[in-house]
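Protein sequence lines correspond, in order, to chains A and B. So for the first sequence, full-length UniProt numbering puts the first residue at 1; every next one is plus one. So for the second sequence, full-length UniProt numbering puts the first residue at 1; every next one is plus one. For each residue, glycine too, the CB sits at the ideal point set by N, CA and C. Computed from a predicted structure; not experimentally measured.
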Amino acid sequence: MSDPNLSWSNQHFDVVVIGGGVVGAALLRRFTLEGAKALLLEKAPDILDGASKGNSAILHTGFDAPTDSVEHWCIRQGRKEFLDIHEALGLPLVKTGALVVAWSKEEQQRLPSLLEKANANGVDDVRMLSRAEIQQREPALAPGVTGGFEVPQEYIIDPWTTPYAYLLQALCNGATVTRNSEVLEGSFDGAQWHLKTTTGQCTADVVINAAGLYGDTLEQRLIGRSAFSIRPRKGQFVVYDKAASALLSSILLPVPTETTKGIVLTRTVFGNLLVGPTAEEQDSREDWSTDSQTLEMLHATAVRMLPALADIPITATYAGVRPATEEKEYRIRALADQRYVAVGGIRSTGLSSALGIAQYVYNLYQREIGAAHKAIAEPAIPSELPQISEYGPRLWQAADNGGIVCHCELVTQADIDRALCGPLPAKTLAGLKRRTRATMGRCQGFYCTARLAALSEQHLDEPIAEHYE
Amino acid sequence: MNKEVAIIGGGPSGLAAATTLKRLGVERVTLIEREAQAGGIPRHCGHPPFGMREFGRVLDGPRYARRLVERADKLGVDIRCSTSVVSLQPHGVLTLSDNNGQSHLKAERVVLATGVREGSRAARFIGGDRTRGIVSTGALQSLVYLEKMRPFKRPIIIGSELVSFSALLTCQHAGIKPCAIIEQNPRITARLFALGLPFVRGVSVMTHTEVVRILGDGRVTGVVVRNLNSGKEETIDADGVIVSGRFTPESTLARMGGLMLDPASGGAAVDQYGRTSDSRIFVAGNALRPVETAGWSWREGVKIGQLLAEDLLNEPADTLPECSIMVHEPIRYVVPQRIRLPLSKNNLGDVQLRVSRPVKGKLFVKINGKMIWSRRLHSLPERRITIPIKIFSVLDGGEAIEIGLSE
Ligand SMILES: Cc1cc2nc3c(=O)[nH]c(=O)nc-3n(C[C@H](O)[C@H](O)[C@H](O)COP(=O)(O)OP(=O)(O)OC[C@H]3O[C@@H](n4cnc5c(N)ncnc54)[C@H](O)[C@@H]3O)c2cc1C
Ligand SMILES: Cc1cc2nc3c(=O)[nH]c(=O)nc-3n(C[C@H](O)[C@H](O)[C@H](O)COP(=O)(O)OP(=O)(O)OC[C@H]3O[C@@H](n4cnc5c(N)ncnc54)[C@H](O)[C@@H]3O)c2cc1C
Chain A
1 MSDPNLSWSN QHFDVVVIGG GVVGAALLRR FTLEGAKALL LEKAPDILDG
51 ASKGNSAILH TGFDAPTDSV EHWCIRQGRK EFLDIHEALG LPLVKTGALV
101 VAWSKEEQQR LPSLLEKANA NGVDDVRMLS RAEIQQREPA LAPGVTGGFE
151 VPQEYIIDPW TTPYAYLLQA LCNGATVTRN SEVLEGSFDG AQWHLKTTTG
201 QCTADVVINA AGLYGDTLEQ RLIGRSAFSI RPRKGQFVVY DKAASALLSS
251 ILLPVPTETT KGIVLTRTVF GNLLVGPTAE EQDSREDWST DSQTLEMLHA
301 TAVRMLPALA DIPITATYAG VRPATEEKEY RIRALADQRY VAVGGIRSTG
351 LSSALGIAQY VYNLYQREIG AAHKAIAEPA IPSELPQISE YGPRLWQAAD
401 NGGIVCHCEL VTQADIDRAL CGPLPAKTLA GLKRRTRATM GRCQGFYCTA
451 RLAALSEQHL DEPIAEHYE
Chain B
1 MNKEVAIIGG GPSGLAAATT LKRLGVERVT LIEREAQAGG IPRHCGHPPF
51 GMREFGRVLD GPRYARRLVE RADKLGVDIR CSTSVVSLQP HGVLTLSDNN
101 GQSHLKAERV VLATGVREGS RAARFIGGDR TRGIVSTGAL QSLVYLEKMR
151 PFKRPIIIGS ELVSFSALLT CQHAGIKPCA IIEQNPRITA RLFALGLPFV
201 RGVSVMTHTE VVRILGDGRV TGVVVRNLNS GKEETIDADG VIVSGRFTPE
251 STLARMGGLM LDPASGGAAV DQYGRTSDSR IFVAGNALRP VETAGWSWRE
301 GVKIGQLLAE DLLNEPADTL PECSIMVHEP IRYVVPQRIR LPLSKNNLGD
351 VQLRVSRPVK GKLFVKINGK MIWSRRLHSL PERRITIPIK IFSVLDGGEA
401 IEIGLSE
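Next up, the structure:
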């Protein structure tokens, strides 16, 4: 449907990556750059429609990750690679730094052990701060802070353009991405994989499962059993008007508990401030709903920490769902004899670690499966990425932008054309939003819905509105 | 006079201010409008009544908007459409964006006439799924009247303010059949709406009811509502939601530009001349407060035009004495929020306020604790309430003004 050209169907690939989240995107990029002929299959009408569509957008250091875990390694390597490539790819990065703050005696007492852990995790620039130092750095903070420490290298990045750029770089170096293609079944005949999807079929030497919230069910489909089971964990957020971002400079992290990193206050690269996420266990993998009590609670929590937020309008609310499992670790393993790699349970750090995961998996692939390719000597760089960060140049500032369509987020017609007509074009309203930010601002579509409906009419699988007579 | 006035927003109030300034001989009046056409909200209100005050006859919104634009055009207002004001800087400098990219404009005085919008689903914390098919009345009107498109066929309408009635009319125009109107309060908010509703068939009116959750999977599939009396929940089968009313001034430029805001009205805090905390910047129309009619906003624009023509003769008034007005529950907001001395005859007009719940009692004004004015008040939320501005002529500066209600 969305990719009418089924040129990928009936072809053979070195590697097929199943899942178009941030993890799949990074995997496709890595394998392509290493010289493999790679295909990514995504079941949704657009990419980034699973766990990767809603997160806190923090580039973590891994200071609080389980020491010596695979997760820890992947975060460290992933952020390192991100820092190496983000400029070349034109990806925004805001070096906010983070403060872990305690609001009670109990929390205060837990700080030293967290600091120690950070050091053990190789994050050695963390530093204890007194109450006065914290207040000096963040004057808008409520007076109840008892103390904390800084993690200077926790940063914020763009949660959507980042994985999108990975995919675009894979594409311009020869990879294939197809959407609306759910992998229904697969079998390994001892020599190669046979995959059947809702839109076509193909064969592959190696299959990588990066199906996020469906990692376990996909594994079941492919190899008849699953080594892990997904325990979806929802996180709700409240986003404040851009005026709020002047109230806070660092990411404000709470003292984490065993099960969650806790409720964070952070700026976004889009110039907003957000509070969240919650950590709510649920059975459903498809329930992205918010509820008013939780939103009220988040708002109250945010106002308690940053009282000036009480007078700042609320822009948006959303929820993300983490693909957690029964264990507190990534579930990455290779089955050499079946030429299968599972990349499961990438629950709450996948945006930071994806490039590291891709390295880790490529190493496994070489080592366990014994495959080898000739890396592309000079990989192409994708052009015309979305320019949606408030901290970088925007098209409304440039000539021939076609005029602003979404007034709150200053999205021009040129931004929209790029998203609808570029490589891997948006096929849903949600996809269009993630590529442009249109309708995501304070008016939530009051001003621009009609214009957007007209501009996107011929492009979206499910149009915003239809003509009537 | 060769001083430039920039008016931001080409709705009734901005057009009125621009037209008046031209009439009074101000040469350089630039009106900046981000839409492709000026006219503001009435451009997509495809129904009467508009224009009684301005043209002495009843017009529908689009015709009314066109006539206001023609009048401004004829008088030589420089109307720049498809141009957005992106930010306000000190000293009357505006950052603009249009098809040519970014540019700047410096004006001697600036009028914010940016109007109101409705409160979004997110801002109201209405829970449930994130799906297509949830729109404000404004978005629905623009879809229907400007693009001839409709986003659904069987929506529910949340809210029962006057604008919800417009939502209903817009639906009828586009062959959309709303199935229910959900109002949280025990009664319908708008009088006209309450009178008209019994004549609309097929729409069930559910007062004292709140929306618990919107259901959907890509698009709206239903809405769960709860009756606040009985606590009973039910699911309404609907394919869309119109989130109407709960207006809020479009104060982005003021807020981001560091002007003092009034959290109660949601607009910039002003004196009786519509002057903000930056003495070069004024506000007119619904950007002042939620929400008035087009005619009222137009009249405020005229007044701002008149007083600006005079204000332009002087340096920006920075140092005049002033008194702030305090209000408390059940008074929801007051405009202006402060009185500047001296009280000259060119001003925005009477002090305006609204209550947050049905009230019955005595509305009073105290100055330094002493009652100077009162009257009986029996009112409902969203009804216009005014206090004569001239009662404040007794002020010397520095006094505390309190407006309250004894029930
Ligand atoms: C509330 C919250 C806050 C977070 N905050 C941060 C943060 O600040 N920093 C950070 O680094 N990380 C954060 N994360 C974590 C990060 O978002 C996740 O780790 C990451 O998105 C997981 O990506 P994924 O690619 O594994 O899964 P997904 O994004 O779910 O991708 C899997 C894809 O596979 C597709 N799929 C499933 N089954 C099939 C099939 N059979 N055939 C084809 N396709 C299929 C799905 O449609 C989906 O698109 C947060 C997560 C949440 C929920
Ligand atoms: C959905 C809806 C329906 C309504 N229906 C009615 C009705 O039926 N009858 C009635 O009397 N009143 C109605 N109103 C009230 C309406 O606000 C007034 O009729 C009237 O439009 C107010 O005039 P205004 O000039 O203050 O603002 P608006 O008419 O809103 O005009 C503001 C203008 O400013 C422009 N603008 C805003 N920001 C910028 C910027 N940064 N740069 C450039 N331009 C900018 C906007 O594009 C807009 O054209 C309705 C309001 C809404 C929201």
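Where residue i falls, given that 16 or more other Cβ within 10 Å makes a residue buried
i, result
"methionine 1 of chain A", "Reliability of the predicted coordinates at methionine 1 of chain A is poor, the pLDDT of 36 falling under 50, and the value obtained from them is presented with this limitation in mind. So methionine 1 of chain A ends up on the exposed side."
"glutamine 89 of chain B", "exposed"
"histidine 104 of chain B", "exposed"
"serine 284 of chain A", "exposed"
"aspartate 3 of chain A", "Reliability of the predicted coordinates at aspartate 3 of chain A is poor, the pLDDT of 46 falling under 50, and the value obtained from them is presented with this limitation in mind. Per the 10 Å Cβ criterion, buried."
"alanine 51 of chain A", "buried"
"glutamate 54 of chain B", "buried"
"cysteine 408 of chain A", "buried"
Residue i vs residue j beta-carbon contact at 8 Å
i, j, result
"valine 206 of chain A", "glycine 148 of chain A", "no"
"threonine 207 of chain B", "isoleucine 188 of chain B", "yes"
"glycine 20 of chain A", "arginine 179 of chain A", "yes"
"leucine 335 of chain A", "alanine 302 of chain A", "no"
"isoleucine 158 of chain B", "valine 220 of chain B", "no"
"aspartate 217 of chain B", "glycine 133 of chain B", "no"
"alanine 284 of chain B", "serine 84 of chain B", "no"
"arginine 339 of chain A", "isoleucine 369 of chain A", "yes"
"glycine 301 of chain B", "leucine 59 of chain B", "no"
"asparagine 347 of chain B", "leucine 307 of chain B", "yes"
Minimum Cβ-Cβ distance from residue i to chain B less than 8 Å
i, result
"glycine 320 of chain A", "no"
"lysine 433 of chain A", "no"
"glutamine 444 of chain A", "yes"
"alanine 44 of chain A", "no"
"glutamine 397 of chain A", "yes"
"isoleucine 18 of chain A", "no"
"glycine 402 of chain A", "yes"
"lysine 242 of chain A", "yes"
"histidine 407 of chain A", "yes"
"histidine 459 of chain A", "no"
"isoleucine 156 of chain A", "no"
Candidates the options, of which the one nearest residue i by Cα
i, options, result
"threonine 428 of chain A", "A:Gly19, A:Val17, A:Asp49, A:Glu34", "A:Asp49"
"glycine 392 of chain A", "A:Gln169, A:Ala51, A:Gly271, A:Leu309", "A:Gly271"
"arginine 442 of chain A", "B:Thr252, B:Leu168, B:Leu192", "B:Thr252"
"alanine 170 of chain A", "A:Gly320, A:Arg127, A:Leu355, A:Thr317", "A:Leu355"
"glutamine 413 of chain A", "B:Ala36, B:Lys22, B:Gly14", "B:Ala36"
"glutamate 378 of chain A", "A:Thr278, A:Ala88, A:Leu364", "A:Ala88"
"isoleucine 385 of chain B", "B:Leu75, B:Lys360, B:Ile372", "B:Lys360"
"leucine 294 of chain A", "A:Ala279, A:Arg231, A:Ala324, A:His407", "What sits at residue 294 of chain A in the sequence shown is threonine, not leucine. Nearest of A:Ala279, A:Arg231, A:Ala324, A:His407 to threonine 294 of chain A, Cα basis: A:Ala279."
beta-carbon residue i near ligand 2 non-hydrogen atom, thresh 7 Å
i, result
"residue 454 of chain B", "Because chain B is modelled from 1 through 407, residue 454 of chain B falls outside the range shown and cannot be assessed."
"arginine 63 of chain B", "no"
"serine 13 of chain B", "yes"
"phenylalanine 55 of chain B", "no"
"glutamine 141 of chain B", "yes"
"leucine 184 of chain A", "no"
"leucine 111 of chain A", "no"
Proximity test, Cβ basis, 8 Å: residue i and chain A
i, result
"alanine 294 of chain B", "no"
"methionine 260 of chain B", "no"
"isoleucine 126 of chain B", "yes"
"leucine 146 of chain B", "yes"
"valine 334 of chain B", "no"
"glycine 218 of chain B", "yes"
"asparagine 99 of chain B", "yes"
"alanine 238 of chain B", "no"
Contact test: residue i Cβ vs ligand 1 heavy atom, cutoff 7 Å
i, result
"glycine 350 of chain A", "yes"
"aspartate 49 of chain A", "yes"
"asparagine 99 of chain B", "no"
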